[in-house]
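Enquirer:
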Amino acid sequence: MNREVILESDNIYYVNVSYDLIDEYLKLFNNPNIKKFITADPNPYTYENRFLCVKEALETDTLIILSMFDKQSGRFIGNIDFDNITSDDAEIGIIINEEFQNKHYGCEALKRFIDYGFNDLKLKEIYLGVYSNNDRAIHLYKKLGFIPYKVEEKIAIINGENVDTIYMKLHK
Ligand SMILES: CC(C)(COP(=O)(O)OP(=O)(O)OC[C@H]1O[C@@H](n2cnc3c(N)ncnc32)[C@H](O)[C@@H]1OP(=O)(O)O)[C@@H](O)C(=O)NCCC(=O)NCCS
Numbered sequence: 254m255n256r257e258v259i260l261e262s263d264n265i266y267y268v269n270v271s272y273d274l275i276d277e278y279l280k281l282f283n284n285p286n287i288k289k290f291i292t293a294d295p296n297p298y299t300y301e302n303r304f305l306c307v308k309e310a311l312e313t314d315t316l317i318i319l320s321m322f323d324k325q326s327g328r329f330i331g332n333i334d335f336d337n338i339t340s341d342d343a344e345i346g347i348i349i350n351e352e353f354q355n356k357h358y359g360c361e362a363l364k365r366f367i368d369y370g371f372n373d374l375k376l377k378e379i380y381l382g383v384y385s386n387n388d389r390a391i392h393l394y395k396k397l398g399f400i401p402y403k404v405e406e407k408i409a410i411i412n413g414e415n416v417d418t419i420y421m422k423l424h425k
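For the sequence shown, counting from 1, position 160 maps to 413 in this note's numbering; every step adds exactly one.
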């Protein structure tokens, strides 16, 4: 690993988001099986859009994005982030590459990043929004202790299906 490792867990290295990974990000975000759980915008993510996102993460204190690599194979796993960071709280997000999904990387990464949020960033609360049809993510968030506190109904129509957004939060 020739990148500076910011965090580590059993199977994952976490490094800073990086311009030279934008092609990996585009493949990740534009995979239809992933994109449908991230945005209702039918347009693809573009190079420029990902560039600006990396720039924001590198230049502001309110967005931290870390890219994850599998320790064993060295392959790119996905991204995990805190957005809208304040002294008290932040919104967590995660995207795992399809080939690494359902192998407990998401659970491992969320646990490590939540620990980082509470113990290093000194957050008091971590929150998130998840589409109501994302059963796997909802299962995982609940397993990690997130409690639903608000539902925004029919936020989007994705592949012809009405989808709500469920907001969940976790206190330290
Ligand atoms: C959601 C996501 C982060 C989860 O990470 P992951 O590595 O795939 O998940 P894990 O393997 O750690 O855990 C999955 C859990 O959900 C369970 N699960 C899998 N499919 C499920 C389903 N359809 N319904 C309910 N639970 C399901 C698994 O059994 C496992 O639970 P367990 O450990 O109690 O057995 C990942 O799949 C992903 O990035 N998906 C696409 C993007 C996305 O949805 N991001 C979140 C947006 S809010």
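Each residue gets a CB set at the ideal place from its N, CA and C atoms; glycine is no exception.
1) Taking only the alpha-carbon atoms, compute the straight-line gap between Pro297 and Phe290 and give it to the nearest angstrom.
2) Under a Cβ-count criterion, where at least 16 other Cβ atoms within 10 Å of its own Cβ denotes burial, should Gly398 be classed as buried or exposed?
3) Given 8 Å as the limit, tell me if Ile409 has its C-beta closer than that to any heavy atom belonging to ligand 1.
4) Enumerate, from N- to C-terminal direction, the unbroken alpha helix (DSSP H) stretches of 4 or more residues contained entirely within the segment 281-355.
5) Between the segment 376-385 and the segment 343-361, can you find at least three pairs of beta-carbon atoms closer than 8 Å?
6) Grouping DSSP H, G and I as helix and E and B as strand, with all else coil, what is Asn412?
7) Which residues in the same chain have their Cβ closer than 7 Å to the Cβ of Asp314, if we skip the five residues on either side of it in sequence?
8) Please return the same chain residues whose Cβ sits closer than 6 Å to the Cβ of Tyr267, not counting the five positions on each side in sequence.
9) Quick check: the Cα distance between Tyr420 and Ala409, rounded to an integer number of angstroms?
10) Please find out if some non-hydrogen atom of ligand 1 comes closer than 8 Å to the beta-carbon of Glu352.
11) Would Ile333 and Leu363 qualify as a contact pair, given that the criterion is a beta-carbon distance under 9 Å?
Expert: If we stick to the structure as given:
1) Pro297 and Phe290: Cα-Cα distance of roughly 14 Å.
2) Exposed, since its Cβ has fewer than 16 Cβ neighbours within 10 Å.
3) Checking the displayed sequence, the identity of residue 409 turns out to be Ala instead of Ile. Proximity of the beta carbon of Ala409 to ligand 1 is not indicated: no heavy atom of the ligand is located closer than 8 Å.
4) Unbroken alpha helix (DSSP H) runs of no fewer than 4 residues, entirely contained in the segment 281-355, are found at 285-288 and 300-312, following chain order.
5) These segments touch.
6) In the structure shown, Asn412 sits in coil (DSSP, three-state: anything other than H, G, I, E or B).
7) Same-chain partners within the cutoff: Ile338.
8) Cβ neighbours of Tyr267 beyond the five flanking positions: Ile259, Leu260, Leu319 and Met321.
9) Roughly 15 Å separates the two Cα atoms.
10) Relative to ligand 1, even the nearest heavy atom lies 8 Å or more away from the CB of Glu352.
11) In this structure, Ile333 lies near Leu363, with their beta-carbon atoms less than 9 Å apart.
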